[in-house]
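Worksheet for the structure shown next.
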């Protein structure tokens with residue numbers, strides 16, 4: 147007998163992720179991912195000035211603001227074939243890195259760690275034993291008995307109050323929770339510390355971008371930062387030194403805490419290296435351009451099809467011809483009119499709402515396809531694509547992480563294990579460590595370039611008469627983001643954003659092939675189907691972001707989630 | 719020590735009346751001079767990254783659109799206990815959904831949350847892409863500013879009105895597009 151479980155968080159936002167799974171013999175036998183609302187935000191851009199587009203696109207999503215700003219200016223620059231001065235590339239790269247570091251830290255600690263860490267076990271922990279355990283894992287200086295005890299006291303106070311507050315709704319005591327009280331305490335202590343370090347990363351975004359959450363310093367053709375090493379109000383040595391210190395502190399947290407915690411938690415849940423693979427087609431674009439013409443990059447891209455890591459096809463540039471020509475969107479199972487999959491430059495968005503029907507139409511998300519196939523994007527794709535082409539920095543941190551897992555779990559952890567739920571978490575920490583190292587490099591590149599006397603930050607855009615098309619990409623925290631623009635006589639004629647979470651949350655396509663979330667949930671074991679913690683573990687491992695959202699506050703508290711078991 | 723105060727406008731400027739929070743933040747920034755201890759921010763539509771903006775401050779004043787049973791344009795004040803009365807979503811599917819109550823709880827857990835919280839809620843009428851503010855909500859924006867100033871008075875923070883040109887938002891109406899500069 148199969149049961150149907152719907153996880154549909156009815157929050158105050160309209161437009162969120164809904165997951166339906168069928169469960170047979172305590173395992174998922176079928177799955178559907180859907181988004182519950184269409185907003186049509188892209189239509190706002192038609193007829194507007196391409197130079198302003200980024201200010202609108204950074205409002206697509208309240209969390210991924212900078213990434214949509216960056217993809218937008220890159221799309222217009224691609225259409226104009228406009229190079230970007232080296233200083234502007236480095237400043238943009240530093241902003242993107244700092245934003246990604248903030249995002250990855252928050253994702254692991256605040257958004258997904260409590261899928262694995264049981265808060266209610268923490269009062270039983272022995273802080274001295276936990277501190278000793280931590281010393282064996284990491285040189286981090288903030289694992290002292292006192293610091294751990296203070297964190298434990300916070301949990302005790304919350305538990306004693308009878309109001310669990312932020313912890314009210316976890317699946318505490320679930321049979322799939324298996325960490326010792328001491329490991330739970332360590333992870334929770336770092337949950338608190340993570341708040342501090344994600345904020346430091348965000349400070350860097352604010353210092354370079356002049357504001358958060360919406361940066362102000364972008365321009366088509368470059369950036370608006372005035373560079374003057376001796377002037378405190380411009381981007382000078384004072385500010386650059388503060389940025390360097392902040393980035394170093396964040397890097398230390400990532401290397402000594404985040405990466406270590408992910409490896410330790412992974413080593414204690416080794417079965418999750420065998421769960422959650424799903425779609426094994428991977429896509430990533432190159433990012434962090436190293437020169438004005440974006441001829442070389444610090445992060446590699448490419449595609450891997452059908453899990454054939456040896457068959458990696460690298461991309462030369464961030465708007466590689468293969469990528470430009472291979473992307474389509476399929477609406478067979480999405481609430482839109484249309485027959486054939488369409489390329490984003492000629493993309494149409496005509497809503498055609500019907501009731502949820504898993505056999506027919508069931509999502510507001512279109513199904514992006516690459517060479518006709520669903521693709522998994524995100525840190526796992528980034529790491530596998532780098533590893534497969536022998537990218538030294540990827541190998542350095544991936545081998546380090548796999549080595550740590552091997553040492554703690556006393557197994558031989560190989561890169562093949564990464565095709566999994568835990569692999570996605572590990573890959574995110576690996577990517578974060580790579581980015582933290584690259585932050586220091588790009589800081590130095592910027593300072594060295596300024597020291598040579600180059601203060602240029604912008605090339606003036608010139609809009610030709612007639613029509614031109616551009617694609618701007620960014621390998622964002624959640625994966626490949628692409629903005630597709632058609633400009634006619636200096637005005638926007640068409641604009642489409644193909645965002646990472648639509649690749650991963652894609653519904654089935656015309657051939658019935660499942661999207662990455664859907665495929666990854668198949669065969670997932672469920673200890674208690676009415677408490678589908680295991681489904682959440684896999685969905686959260688993708689770091690979904692569907693909330694390009696309407697935020698009206700609902701004081702009546704109708705922000706209940708519905709877990710419906712039929 | 720003066721109290722550190724953040725005034726934040728929340729909402730999406732792309733979605734009709736949801737943009738009223740950023741709209742009010744824009745008016746405040748353009749038309750008033752505030753004490754150094756006051757920060758005015760257009761916070762957009764934050765998820766848990768909101769924690770960063772409400773840590774280490776003493777008082778928080780938010781302006782946001784609300785959904786309740788009142789007529790469009792109604793201004794309602796909510797205090798901390800009103801916001802926290804109903805707990806966060808039991809199952810968080812999408813880690814980036816709006817998270818005002820969760821962010822407050824997390825900041826509090828870390829011992830960094832603001833003591834004093836006021837949410838000025840404006841009942842919205844429509845949330846369509848690109849629609850701009852409806853008339854009732856635009857009028858309510860002016861009333862919400864009086865509430866912001868009254869709260870600053872209660873907190874003993876000073877401000878003064880600037881003799882500035884009337885405020886207009888950059889996102890609406892449509893700006894003049896770039897002209898094509900050369901014939902092919």
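Residue numbers (the numbering used here), protein chains in the order written: chain R, 147 to 712; chain X, 719 to 902. Backbone N, C-alpha and C define an ideal beta-carbon position, used for all residues, glycine too.
Asked: CA-to-CA distance, residue 672 of chain R to residue 208 of chain R, given in whole angstroms; Found: 33 Å
Asked: Inter-residue CB distance, residue 871 of chain X and residue 834 of chain X (contact presumed, cutoff 8 Å); Found: Actually they are not in contact, since the Cβ atoms of residue 871 of chain X and residue 834 of chain X sit about 13 Å apart, beyond 8 Å.
Asked: Interface flag, residue 461 of chain R vs chain X, CB-CB below 8 Å; Found: no
Asked: 8 Å CB neighbourhood of residue 434 of chain R in its chain, flanking five on each side removed; Found: 239, 242, 243, 443, 444, 445, 584 and 588
Asked: Proximity below 8 Å, CB of residue 759 of chain X to CB of residue 724 of chain X; Found: yes
Asked: Continuous beta strand (DSSP E) stretch holding residue 857 of chain X: start and end; Found: Not the beta strand (DSSP E): residue 857 of chain X falls in the alpha helix (DSSP H), residues 853-872.
Asked: Cβ-based contacts, 8 Å cut-off: residues of the region 296-329 of chain R near chain X; Found: 300, 304, 311, 312, 314 and 315
Asked: Local Cβ density within 10 Å of residue 797 of chain X, reported as buried at 16 or more and exposed below that; Found: exposed
Asked: 8 Å Cβ cut-off: residues of chain X touching residue 499 of chain R; Found: The contacting residues do not exist; residue 499 of chain R stays about 15 Å from chain X at best.
Asked: For residue 762 of chain X and residue 205 of chain R, the rounded distance between their alpha carbons; Found: 7 Å
Asked: Beta-carbon neighbours of residue 190 of chain R, restricted to chain X and to distances below 7 Å; Found: 732, 847 and 848
Asked: CB contact check: residue 865 of chain X to chain R, cutoff 8 Å; Found: no
Asked: Through-space distance from residue 422 of chain R to residue 525 of chain R, alpha-carbon basis; Found: 15 Å
Asked: Distance between residue 658 of chain R and residue 670 of chain R (C-alpha atoms, nearest Å); Found: 20 Å
Asked: Per-residue burial, residue 346 of chain R [other beta carbons within 10 Å of its own, 16 or more giving buried]; Found: buried
Asked: Test: residue 792 of chain X CB closer than 8 Å to a CB of chain R; Found: no
Asked: Chain X contact for residue 269 of chain R (CB, 8 Å cutoff); Found: no
Asked: Beta-ladder partner(s) of residue 320 of chain R, from DSSP; Found: DSSP output for residue 320 of chain R lists no bridge partner at all.
Asked: Residue range of the unbroken alpha helix (DSSP H) whose run includes residue 302 of chain R; Found: 291-307
Asked: Residue-level contact to chain X via CB, residue 528 of chain R, 8 Å cutoff; Found: no
Asked: Validate contact between the region 545-559 of chain R and the region 592-610 of chain R using beta carbons, cut 8 Å, 3 pairs; Found: no
Asked: Range covered by the beta strand (DSSP E) that runs through residue 758 of chain X; Found: 756-762
Asked: Chain-ordered neighbours of residue 828 of chain X on chain R, where CB pairs are closer than 7 Å; Found: 338 and 341
Asked: Unbroken beta strand (DSSP E) run spanning residue 724 of chain R, endpoints; Found: Here chain R has residues from 147 to 712 only, and residue 724 of chain R is not among them.
Asked: Buried/exposed call for residue 594 of chain R, threshold 16 Cβ in 10 Å; Found: exposed
Asked: Same chain, Cβ closer than 7 Å to residue 148 of chain R, neighbours up to 5 away in sequence not counted; Found: 168, 169, 170 and 175
Asked: Three-state class that DSSP yields for residue 728 of chain X in the structure shown; Found: strand
Asked: Residue 533 of chain R, enclosing alpha helix (DSSP H) - first and last residue; Found: 525-534
Asked: Chain R residues whose Cβ lies nearer than 8 Å to that of residue 824 of chain X; Found: 256, 312 and 341
Asked: Residue from R:377, R:381 and R:376 with nearest C-alpha to residue 370 of chain R; Found: R:381
Asked: Alpha helix (DSSP H) segment containing residue 236 of chain R, residue limits; Found: 232-252
Asked: Span separating the alpha-carbon of residue 823 of chain X from that of residue 641 of chain R; Found: 39 Å
Asked: Where the region 351-379 of chain R meets chain X: residues whose CB sits under 7 Å from a CB there; Found: 359 and 360
Asked: Coil, strand or helix - residue 406 of chain R by DSSP; Found: helix
Asked: Residue range of the beta strand (DSSP E) that includes residue 626 of chain R; Found: 625-634
Asked: Beta-carbon proximity of residue 568 of chain R to residue 412 of chain R, cut-off 8 Å; Found: yes
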